[in-house]
Amino acid sequence: MIVRTLEDTVGTDRDVQATTWSSRRLLLRKDGMGFSLHDTLIKPGTETPMWYQNHLEAVYCIEGEGEVETVSDGKVYQLQPGTVYALNNNDQHILRARTQMRMVCVFNPPVSGNEVHDETGAYPLVEEEPAPQSAS
Ligand code: 9YT
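Heads up: the sequence shown is residues 0 to 135, going by numbering that gives the first Met the number 0.
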């Protein structure tokens, strides 16, 4: 069993900083769960365009307020603690934080931890490593 705390991740390579957010990766691909689990802080007053073309992501807001817009149809959804959005169609979207927001994010497939958003707002797909060969 894996037991880990947020404190365990802060200041380590599991604590990833970007211009508009920081993401504490509690579970990564190497943990072998088939998804990754992140505790993410979105900076207040920011706008983040994203488009995870290689991943599905669910985002559960637990603190703060903001909105998310789906680019294809311009719809805007208000976010507050207790609201989840799920990018089930790899939706291109824009996240706007009115206050600092704290989000619990789940990625399928899991991120490996070193990805950064590319110019489209996506993370690259990290190929599975080959299974270790048993010694004969
Ligand atoms: C909510 C969101 O997608 N923020 C961007 C960071 C991402 N969730 C991550 O890598 O944790």
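Where is the CB? At the ideal position from N, CA and C, for every residue including glycine.
Beta strand (DSSP E) segment containing residue i, residue limits
i	result
leucine 40	35–41
glutamate 6	Here glutamate 6 belongs to no beta strand (DSSP E); instead the alpha helix (DSSP H) covers 5–8.
glutamine 77	75–78
isoleucine 61	55–62
Any non-hydrogen atom of the ligand 9YT within 7 Å of residue i CB
i	result
methionine 0	no
valine 83	no
glutamate 56	yes
leucine 26	no
Residues sharing a beta bridge with residue i, DSSP
i	result
glutamate 46	Arg95
threonine 69	His92
Selection from the options that minimises the alpha carbon distance to residue i
i	options	result
proline 80	Glu6, Glu56 and Val103	Val103
threonine 11	Leu25, Ile93 and Met49	Leu25
aspartate 38	Met0, Asp14, Thr18 and Asn53	Asp14
leucine 86	Arg97, Val67 and Asp7	Val67
valine 110	Asn53, Arg28, Asp7 and Ser71	Arg28
Closer than 8 Å to chain C by CB, residue i
i	result
glutamate 6	The chain inventory of the structure shown lacks chain C, comprising one protein chain alone.
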